[in-house]
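Under my numbering, think of the first position of the sequence shown as 71, with each following residue one higher. Structure, as structure tokens:
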Amino acid sequence: MSDDVMGLVWLVVLLIANAFFVGGEFAVMGARRSQIEPKAEAGSGPAKTALFAMEHVSQMLAVCQLGITVCSLLILNVSEPALHHLLVTPLESLGIPTAVADVSAFVIALLVVTFLHVTFGEMVPKNAAVSMADKAVMLLATPLVWLNKLLHPVIVALNWTANVVLRAFKVEPQDEVNSSYTLEEVQSIVAESTRTGLVDDGSGLISGALEFSDYAADAVMVPIDDVVALPADVAPKAFEKAVGRTGFSRFVLEDADGSYTGYLHLKDVMTVPSERYREPVPVTKVRSMANVAVSDEIEDALSLMQRTGSHVARVISAEGTTVGVLFLEDVLEVLVGEIHDATQSSNPVKLKAPGL
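Structural data, given as structure tokens:
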């Protein structure tokens with residue numbers, strides 16, 4: 071009888087151990103680096119260990135799978151027979167034949183042990199680890215890492231064997247869990263959240279930001295035939311009239327052969343002394359333009375314009391010719407939607423002559 075009681079004690083112990091390994095497996099897979107890294111950088115020891123576990127996920131999973139397998143086998147070979155033996159005597163005392171009582175006790179013991187194993191050894195720890203993966207990994211990572219060190223030769227052998235099998239099926243093993251989302255997955259999440267009312271994106275700012283990478287420079291640029299340009303020797307007076315006529319605050323300057331030499335902003339012209347208002351704008355006032363390729367992604371073009379401090383960029387084809395102009399305002403409109411300017415004319419005219 072004492073052996074049977076110890077078998078039940080071992081059942082409880084093995085269920086707890088199995089729950090630990092199941093919880094550790096799902097915690098390592100489900101935890102987010104973005105939640106763990108700040109704590110690790112702040113000096114948290116458990117967080118640092120959790121990051122180590124997440125960066126060696128294949129080894130941690132090998133530890134968990136080994137632990138789950140061993141616990142399951144021991145439950146089957148130790149705890150189930152003990153419960154089986156405890157049930158036989160009461161069934162025989164009820165007048166049930168020995169053979170029938172033995173089979174009945176085995177079936178009942180198997181059902182009870184299976185229920186306890188699946189419920190408390192698998193489902194409860196799995197659901198708990200999934201629900202609070204970040205907390206669970208910080209709690210369970212330390213013992214997992216110690217077990218990995220203790221069983222290192224066995225884990226390495228098991229992990230190597232598993233990787234060989236995976237590579238045989240053209241699958242590249244991963245040592246670090248990937249908790250990030252692709253652009254398409256984030257777009258899908260935002261779309262579904264907007265549809266169900268969890269996210270309010272009436273302005274389109276979120277969806278616009280996610281679709282930012284879908285645009286290239288040639289999709290946002292102003293084609294060269296539609297560019298409102300002024301001659302390179304434009305005078306402040308003529309520039310002022312152009313602003314009043316179009317509503318634009320900056321203009322591309324072009325020389326006699328149609329090449330763009332730079333651009334001017336209204337505030338550059340306003341600093342010219344009044345006595346020189348009919349003379350060509352000084353060259354020192356002209357701002358340089360950035361150069362981007364037609365195939366450049368729009369965020370790359372924005373990054374270049376930010377680094378160079380230029381609000382206007384030439385868009386150059388593969389042949390090296392200028393095919394359009396990219397304005398910072400147009401780039402931002404892709405991100406935040408249309409920027410309305412009450413002073414801007416809806417039908418701008420391409421200006422060529424300085425006498426405006």
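Idealized CB from N, CA, C, for every residue including glycine.
Note to self: Three Cβ pairs or more, each shorter than 8 Å: is that satisfied between the region 175-183 and the region 99-112?
What the structure shows: no
Check: Looking at Asn218 and Ile225, is the spacing between their C-beta atoms short of 7 Å?
Finding: For the purposes of this step, residue 225 is taken as residue 155 along the sequence shown, with counting starting at 1. For the purposes of this step, residue 218 is taken as residue 148 along the sequence shown, with counting starting at 1. Taking 7 Å as the Cβ cut-off, Ile225 and Asn218 qualify as a contacting pair.
Notebook entry, point to check: Leaving out the 5 sequence neighbours to the left and right, which residues in its chain are closer than 8 Å to Val133 when beta-carbon positions are compared?
Noted result: Mapped onto the sequence shown, residue 133 falls at position 63. So the list reads Phe91, Gly94, Leu214, Leu217, Asn218, Leu221 and Ile225, once near-sequence residues are dropped.
Notebook entry, point to check: Taking DSSP as the reference, what is the three-state secondary structure of His335?
Noted result: As a working mapping, residue 335 is identified with position 265 in the sequence shown. Looking at His335 - three-state DSSP - the assignment turns out to be strand.
Next item on the list: Give every residue of the same chain whose Cβ lies closer than 6 Å to the Cβ of Ala302, excluding the five residues on either side of it in the sequence, and list them in chain order.
Entry: By one-based count along the sequence shown, residue 302 stands at place 232. Leu323, Asp325 and Thr331.
Note to self: Which residue marks the beginning of the beta strand (DSSP E) containing Phe122, and which one marks its end?
What the structure shows: Translated into positions along the sequence shown, residue 122 becomes position 52. Where Phe122 is concerned, there is no enclosing beta strand (DSSP E), although the alpha helix (DSSP H) it sits in stretches over Gly115 to Glu125.
Check: When we look at the beta-carbon of Val304 and count the other beta-carbons within 10 Å, is it buried (16 or more) or exposed?
Finding: As a first step, residue 304 is located in the sequence shown; it is residue number 234 there, counting from the start. Under this definition Val304 is a buried residue.
Notebook entry, point to check: When DSSP builds the beta bridges, which residues end up paired with Glu324?
Noted result: As a working note, residue 324 is residue 254 in the sequence shown. In the DSSP output, where bridge partners are listed per residue, Glu324 has Pro301 and Tyr330.
Next item on the list: Pick helix, strand or coil for Pro293, following the three-state DSSP scheme.
Entry: By one-based count along the sequence shown, residue 293 stands at place 223. It is a strand residue.
Check: Counting Cβ pairs closer than 8 Å, one from the region 283-294 and one from the region 380-397, do we hit at least three?
Finding: yes
Note to self: Please list the terminal residues of the continuous beta strand (DSSP E) segment that includes Asn147.
What the structure shows: One-based indexing of the sequence shown puts residue 147 at position 77. Element bounds for Asn147: n/a, residue is neither H nor E.
Notebook entry, point to check: Using the C-alpha atoms, what's the distance from Ile138 back to Glu197?
Noted result: Residue numbering aside, residue 197 sits at position 127 when the sequence shown is read from its first letter. Residue numbering aside, residue 138 sits at position 68 when the sequence shown is read from its first letter. Inspection of the sequence shows that residue 197 is occupied by Asn rather than by Glu. Approximately 16 Å, taken between the alpha carbons.
Next item on the list: Could you please give the first and the last residue of the uninterrupted beta strand (DSSP E) stretch that includes Leu396?
Entry: Taking the sequence shown and counting its residues from 1, one reaches residue 396 at position 326. First-last of the beta strand (DSSP E) with Leu396: Thr392 to Phe397.
Checklist line | Contacts around Ser365, its chain only, beta-carbon distance under 6 Å, and the 5 residues preceding and following it disregarded | finding: Position 295 of the sequence shown, counted from the first residue, corresponds to residue 365. Once the five neighbours on either side are set aside, the close Cβ partners of Ser365 are Ala286.
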